[in-house]
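Notes to accompany the following structure.
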């Protein structure tokens with residue numbers, strides 16, 4: 055019931071489909087999630103996200119904004135987050151992100167959605183963030199191949215060079231080739 059309500063709501067909002075490669079060894083682009091613009095309040099931009107699959111296995115990523123808040127609404131997912139390093143390499147913390155339990159993401163938090171909640175095939179969330187303050191970062195093996203890690207910052211820009219206010223020219227969700235609720 056809630057999924058169908060979210061799907062109908064998304065159909066009335068400006069939206070776009072975020073694509074990503076299948077894996078590090080398969081560069082085929084497939085839908086990762088659907089993003090719908092809800093609005094802006096007090097310096098926060100709010101989206102409705104419909105996650106269609108876990109993040110690709112390209113490694114952990116951070117975000118370009120200093121703070122964000124996520125509120126899973128339907129489904130939920132397991133998130134792996136970098137908790138530091140020890141003599142063996144990365145120390146990861148894995149948490150189940152359940153519906154209606156909000157959580158905070160800082161721009162320097164490297165993470166990855168690794169699986170949906172058992173019994174679900176997608177997840178819906180509200181997501182709010184502040185203005186961008188840096189580029190996207192991806193944690194990759196270091197250049198020496200000695201087990202060290204390096205952060206690679208990647209600009210994500212639209213075809214016209216902009217990543218802001220895409221919703222002003224976007225089609226509404228109902229006009230997109232979107233997934234079922």
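Residue numbers (our numbering): 55 to 235.
Ideal placement from N, C-alpha and C gives every residue a C-beta, glycine not left out.
Cα-Cα separation, residue i to residue j
i: residue 81; j: residue 184; result: 31 Å
i: residue 70; j: residue 230; result: 7 Å
i: residue 85; j: residue 109; result: 11 Å
i: residue 105; j: residue 139; result: 29 Å
i: residue 58; j: residue 233; result: 12 Å
i: residue 93; j: residue 65; result: 15 Å
i: residue 176; j: residue 190; result: 24 Å
i: residue 214; j: residue 224; result: The pLDDT assigned to residue 214 is 45, lower than 50, so where the model puts this residue is not dependable; a value taken from the coordinates is nonetheless given after this. Roughly 14 Å separates the two Cα atoms.
i: residue 74; j: residue 107; result: 10 Å
i: residue 163; j: residue 156; result: 16 Å
For residue i, the nearest candidate out of the options (CA to CA)
i: residue 149; options: 168, 186, 176, 233; result: 168
i: residue 226; options: 55, 56, 122, 63; result: 63
i: residue 129; options: 55, 223, 221; result: 55
i: residue 133; options: 111, 142, 121; result: 111
i: residue 178; options: 151, 137, 116, 74; result: 151
i: residue 160; options: 91, 83, 142, 137; result: 137
Boundaries of the beta strand (DSSP E) in which residue i is found, first to last residue
i: residue 98; result: 98-105
i: residue 159; result: 157-160
i: residue 125; result: 121-128
i: residue 82; result: 80-95
i: residue 139; result: 131-140
Contact check, residue i vs residue j, beta carbons under 8 Å
i: residue 114; j: residue 166; result: yes
i: residue 181; j: residue 103; result: yes
i: residue 68; j: residue 221; result: yes
i: residue 60; j: residue 235; result: yes
i: residue 135; j: residue 158; result: no
i: residue 193; j: residue 153; result: no
i: residue 72; j: residue 89; result: yes
Where the alpha helix (DSSP H) through residue i begins and ends
i: residue 63; result: 56-65
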